[in-house]
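In what follows, a single structure is set out as structure tokens and then discussed.
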Amino acid sequence: MVEIVQIGSPPIDVHLRRSTRARRFSLRISNTSGEVSLTMPKRANAHAALLFASDNEGWLRQNLEKRPKQVVPVFGGTLLLDGAEVLLQQGTRRSPVLANGILAVAGQEEALGARLRGYLKTRARDRFSVTAQGYAQQLGQEVSRITLRDTRSRWGSCTSDGNLMFSWRLAMAPVSVQNYVAAHEACHLIEMNHSPAYWRLVEQVFPDYKNQRNWLKTHGSLLHRYVF
Ligand SMILES: [Zn+2]
Numbered sequence: 000m001v002e003i004v005q006i007g008s009p010p011i012d013v014h015l016r017r018s019t020r021a022r023r024f025s026l027r028i029s030n031t032s033g034e035v036s037l038t039m040p041k042r043a044n045a046h047a048a049l050l051f052a053s054d055n056e057g058w059l060r061q062n063l064e065k066r067p068k069q070v071v072p073v074f075g076g077t078l079l080l081d082g083a084e085v086l087l088q089q090g091t092r093r094s095p096v097l098a099n100g101i102l103a104v105a106g107q108e109e110a111l112g113a114r115l116r117g118y119l120k121t122r123a124r125d126r127f128s129v130t131a132q133g134y135a136q137q138l139g140q141e142v143s144r145i146t147l148r149d150t151r152s153r154w155g156s157c158t159s160d161g162n163l164m165f166s167w168r169l170a171m172a173p174v175s176v177q178n179y180v181a182a183h184e185a186c187h188l189i190e191m192n193h194s195p196a197y198w199r200l201v202e203q204v205f206p207d208y209k210n211q212r213n214w215l216k217t218h219g220s221l222l223h224r225y226v227f
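For the sequence shown, the residue numbers in numbering that gives the first Met the number 0 are 0 to 227.
And the structure:
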């Protein structure tokens, strides 16, 4: 379990990571996700960590501000997959191969964006066709068709004739978030609105929906930083 503390205003989330090897506090900003983590000795107390992070708030804000607004994937760089960073490497196989945190993609770097787009779309299709169908079944409903798009304003949608749409960028989000969006849209097969009755339905099939919804609110923009 990762503890999260917040410093300053607007708040910066700092993820506390305890390590048996750490001898002192150290702060790091992830290149890909912009996540701030503070590595600390196993037995150090969280309050001391919070003070350390607060002392470095100026440095943190400066560096968070300096981060590029857009990320173009390159070999040697990283990509988010199911919420975790994977290293991009040049590969030889026709389809990208994922193993041990490395995604090997064939072709030249100019083609990398297009290949990753295809790869994310396939992963999203594979996942949502299983999960959305599963949640629909729990609700006694049927999904007609699933489409994947690149949408900015919404992560998914549902039509009255049972077609569901999802953003393929969700393939970069944690699995729990992807599952929540699948459940969210499946519930719209019954309630085409966001009424209290609708949210009761969501809670029934996906009790932990609030955390996943918050993740999208706070981190959703990360998924749009990538230019493919
Ligand atoms: Zn909705």
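The beta carbon of each residue, even a glycine, is placed where N, CA and C say it ideally should be.
Backbone secondary structure at residue i - three-state DSSP
i: Q69; result: coil
i: R42; result: coil
i: R168; result: helix
i: T150; result: coil
i: L138; result: coil
i: L119; result: helix
i: A185; result: helix
i: A110; result: helix
i: V201; result: helix
i: A47; result: helix
i: R144; result: strand
i: P195; result: helix
heavy atom of ligand 1 below 7 Å from residue i C-beta
i: H187; result: yes
i: H46; result: no
i: H218; result: no
i: H193; result: yes
i: H183; result: yes
Candidates the options: closest to residue i by CA position
i: S8; options: H223, S143, D125, E56; result: E56
i: L50; options: L15, I101, V1, E141; result: L15
i: T158; options: E141, M171, R151; result: E141
i: V85; options: A170, C186, Q132; result: A170
i: E108; options: A182, R144, N162, V73; result: V73
i: R126; options: A83, P95, A172, G33; result: A172
i: Y179; options: R22, R122, I11, W198; result: W198
i: R212; options: L188, W154, H223; result: W154
i: S29; options: H183, K65, T121; result: K65
i: V226; options: R116, P195, L26, G106; result: R116
Which residues DSSP lists as bridging residue i, in chain order
i: I28; result: V35
i: E2; result: L15
i: T77; result: L86
i: S156; result: M164
i: A105; result: Bridge partners of A105: none, in fact.
i: A98; result: I101
i: Y179; result: The partner list for Y179 (beta bridge, DSSP) is empty, contrary to what the question assumes.
i: Y225; result: V70
Classification of residue i by the beta-carbon crowding that lies within 10 angstroms, buried from 16 upward
i: V13; result: buried
i: W58; result: exposed
i: L79; result: buried
i: R93; result: exposed
i: H187; result: buried
i: T217; result: exposed
i: R191; result: A small fix is needed here, since residue 191 is Met in this sequence, not Arg. Its Cβ having fewer than 16 others within 10 Å, M191 is exposed.
i: A196; result: exposed
i: P95; result: buried
Contact test: residue i Cβ vs ligand 3 heavy atom, cutoff 7 Å
i: I11; result: No copy of ligand 3 appears in this structure; the ligands present are ligand 1.
Within-8 Å CB hit, residue i to chain D
i: M191; result: In the structure shown, chain D does not exist; there is a single protein chain.
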